[in-house]
Amino acid sequence: MGMKTYAGKTVFGGIAIGKIRIEGKGKTIVKRCRIENVEEEIKRYHDAMKKASDQLKKIHEKAVSEVGEVNAQIFEVHMMMIEDDDYVESVENIIRTQNMNAEYAVASTGDNFAKLFSGMEDEYFRARADDIRDISDRLLKILADSNEKDSGETMVEEEKSSDNTTLLTEKQEPVILAAQELTPSETVQMDKSILLGFVTQYGSVNSHTAILARTMNIPAITGIEPRPDWHGKMAVVDGFGGELIIEPDEKTLLQYQERLKQLKEEEEQAKKLIGLENITKSGKKIKVYANIANVSDLYSVLHNDVEGIGLFRSEFLYMEGSTLPDEEKQFAAYKQVAQTMGGKKVIIRTMDIGADKKLSYLDLGEEENPAMGYRAIRISIKQPELFKTQLRAIYRASLYGNVSIMYPMITSLWELDKIMEIEKEVQDELKEAGIEWKKMERGIMIETPAAAIISDKLAEKVDFFSIGTNDLVQYTLAVDRQNGNIGDFYNPHHEAVLRLIQTVIRNGHAQGIWVGICGEMASDLELTDLFLDMGIDELSVAPVFNLAIRKKVREHE
Ligand code: PEP
Ligand code: MG
-18 MGMKTYAGKT VFGGIAIGKI RIEGKGKTIV KRCRIENVEE EIKRYHDAMK
32 KASDQLKKIH EKAVSEVGEV NAQIFEVHMM MIEDDDYVES VENIIRTQNM
82 NAEYAVASTG DNFAKLFSGM EDEYFRARAD DIRDISDRLL KILADSNEKD
132 SGETMVEEEK SSDNTTLLTE KQEPVILAAQ ELTPSETVQM DKSILLGFVT
182 QYGSVNSHTA ILARTMNIPA ITGIEPRPDW HGKMAVVDGF GGELIIEPDE
232 KTLLQYQERL KQLKEEEEQA KKLIGLENIT KSGKKIKVYA NIANVSDLYS
282 VLHNDVEGIG LFRSEFLYME GSTLPDEEKQ FAAYKQVAQT MGGKKVIIRT
332 MDIGADKKLS YLDLGEEENP AMGYRAIRIS IKQPELFKTQ LRAIYRASLY
382 GNVSIMYPMI TSLWELDKIM EIEKEVQDEL KEAGIEWKKM ERGIMIETPA
432 AAIISDKLAE KVDFFSIGTN DLVQYTLAVD RQNGNIGDFY NPHHEAVLRL
482 IQTVIRNGHA QGIWVGICGE MASDLELTDL FLDMGIDELS VAPVFNLAIR
532 KKVREHE
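Residue numbers (my numbering): -18 to 538.
What follows is the structure, encoded as structure tokens:
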């Protein structure tokens, strides 16, 4: 047949190489039978509910230890769903009014509710359809087990089918699993040591299954229909590119093996520092965070055991598509990052569009000096509707983890007053709509000399500073960061830059707020000691540099 490549969507980065196993959906036939004793049947259903809750309690415990408290919450949601009044009422009603068996009542209720959810506008509710199917399947399996001793008169009138996946738990050769769909509980119950990666046909990138895959560090892609003839064939899952390669040729296989080896080496290095605190020899705790541009960067973040996201460059969400990302799209991305980080800090920087980060679909006007032009917070302030959409999405995502907001390109105090005014409007609107959020830390980027110089006053208005040295160097030295011809003049070690950094740290500390660096200078190992001597509290770097910085921090006197 030869090599064949299929394109899907990335759920989680990483490379998996191995034999593919097609997980067929064995059909459980749900019989529709008339029952005689309604109360007995309702009791059977309640017994099954109780067993399902007990199972979920155990799964929840396993999930907490494997993927953390926040990500495990989905199983608490399942426990609540099992006992949901509407669901229970519907099942009981079918048993009572139609004299039908519990299996049929559960399968029908599950189908109806799942359809209801999957037709909803809100992405969050749409994703709940999978959870309904998951709990209904669980109840059906339990009922099937309890039905060994058949009950009286059975009159088969019609058959309903329900999906029932056999789980990858028995000891066997590690495989890439391909299935139409995987539910969250199926995913978390899998034995990770024999699961190399997975490919599914259905399932959104924002589903809990996807979140679990990311948290469990399993390369995964979706949007590809598994074919029975792949079973047992060699395959590669390229979670970075969202591709599945069946029967890769020798050259392709070698390339991926090389890549996988590199990733494993990185992982080994990371493991040595796992559990060790980022603390200097004199005992100061330093936050060593990571910068990310999109959700798929989380792969690297988790692989490097990073303890927080110091800069989520949200503008990349705006740059990926051909239209502005709406509130739902942004909410899904922020929520996913917050959830995947499992309660660790996630600092979302509001969009930093403009200068080199242009949008084809948003006219910013002709500019002589775009780096000094209509960009970042200036757009947010002058086009508040755009800004409010983003703020609403961030506020909503705040419930799913430890989210902070950060504003880029601040130069003046009045900008912060204006931002607070707009935030207040968003808060009032959310309150009116009955939408909740959590209090978040609010910080600003210090990336203009003006902000550095008045950082004593700015510090009174925010919870933290993050120094954006890429722009700070450009504006302080009047050297375009994009122009390679004048690269010699772009000197991050320039005394003017270093003095400004020191000023910002002092002013921040004088007001009792923490100060970090998220520009590229944060990963300059020649400067780490100096920054630590200056009193820096946080360094946020590309995930691949995280380990080197952690090592340096631990060596600092
Ligand atoms: C910076 O300017 O240092 C920064 C972190 O922001 P960006 O590189 O995205 O402009
Ligand atoms: Mg910047």
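Cβ coordinates follow ideal geometry from the N, Cα and C atoms, glycine included.
Predicted model only: the values in this text are computed from it and were never measured.
Do Asn451 and the ligand MG come close, with the Cβ less than 7 Å from some heavy atom? Checking every heavy atom of the ligand MG against the Cβ of Asn451, one is found closer than 7 Å.
Does the contact criterion of 3 or more C-beta pairs under 8 Å hold for the segment 311 to 330 versus the segment 378 to 391? yes
Could you give the uninterrupted runs of the alpha helix (DSSP H) lying entirely in the segment 319 to 367, keeping only those of 4 residues or more? 358 to 363
Residue burial classification, Asp118 (beta-carbon count within 10 angstroms, cutoff 16): buried
For Lys252, three-class secondary structure by DSSP: helix
Could you name the residues that DSSP lists as bridge partners for Arg2? Leu158
Opening and closing residue of the alpha helix (DSSP H) in which Asp307 lies: It is not in any alpha helix (DSSP H) - Asp307 carries neither H nor E in the DSSP assignment.
Between the segment 162 to 178 and the segment 191 to 205, can you find at least three pairs of beta-carbon atoms closer than 8 Å? yes
Rounded separation between Asp144 and Glu4 - CA only: Low local confidence applies: a pLDDT of 40 at Asp144 is under 50, so the model's placement there is unreliable, and no value is given.
Cβ shell of Leu120 (< 6 Å), same chain only, five flanking positions each side left out: Ala29, Ala33 and Val87
What did DSSP end up calling Phe98 once you bin it into helix, strand or coil? helix
DSSP three-state assignment for Leu257, whether helix, strand or coil: coil
Quick check: the Cα distance between His284 and Thr392, rounded to an integer number of angstroms? 36 Å
Taking one C-beta from the segment 477 to 484 and one from the segment 497 to 516 each time, how about it: are there three or more such pairs within less than 8 Å? yes
Under the criterion of a Cβ to heavy atom distance below 7 Å, does Asp333 qualify as lining the ligand MG? yes
Which residue's Cα is closest to the Cα of Asn527: Val478, Lys(-10), Glu247 and Asp112? Glu247
From the DSSP output, in three-state form, read off Trp495 for me. strand
Helix or strand or just coil, what does DSSP make of Met539? Because the chain in this structure spans residues -18 to 538, residue 539 falls outside the shown range and cannot be described.
Does the beta carbon of Pro351 fall short of 7 Å from some heavy atom of the ligand MG? no
Our contact map puts Leu292 next to Ser447 with C-beta atoms below 8 Å; I'd like the distance itself, whole angstroms only. 7 Å
Which of helix, strand or coil DSSP assigns to Ser393: For Ser393, the secondary structure class from DSSP, reduced to helix, strand or coil, is coil.
Closer than 7 Å: is that where the CB of Gly500 sits relative to any heavy atom of the ligand PEP? yes
Is the CB-CB distance between Gly(-5) and Leu163 below 8 Å? no
Inter-residue spacing [alpha-carbon to alpha-carbon] between Ile425 and Leu453: Within the model, the alpha-carbon separation for Ile425 versus Leu453 is close to 13 Å.
Can you tell me which of Asp92, Ile494 and Met215 puts its alpha carbon nearest to the alpha carbon of Met(-16)? Met215
Using 7 Å as the cut-off, classify the Cβ of Glu428 as near or not near the heavy atoms of the ligand PEP, replying yes or no. yes
Contact test: Pro389 Cβ vs the ligand MG heavy atom, cutoff 7 Å: yes
Looking only at its own chain, which residues have a Cβ that is under 7 Å from the Cβ of Leu411, when we skip the five neighbours before and after it? Arg373, Tyr376 and Trp418
Run of the alpha helix (DSSP H) containing Thr78, from where it starts to where it stops: Asp66 to Gln79
Among Thr429, Phe445, Tyr270 and Asp112, which residue has its Cα nearest to the Cα of Glu422? Phe445
What does Thr181 pair with, by DSSP beta-bridge criteria? Answer by DSSP bridge pairing, in chain order: Ala160 and Thr203.
So the candidates are Asn52, Lys0, Val19 and His41; which of them puts its Cα closest to the Cα of Lys316? Asn52
Would you tell me roughly how many angstroms separate the C-alpha atoms of Asp111 and Phe98, rounded to the nearest one? 9 Å
Are there three or more Cβ pairs, one per stretch, closer than 8 Å when the segment 527 to 538 is compared with the segment 246 to 263? yes
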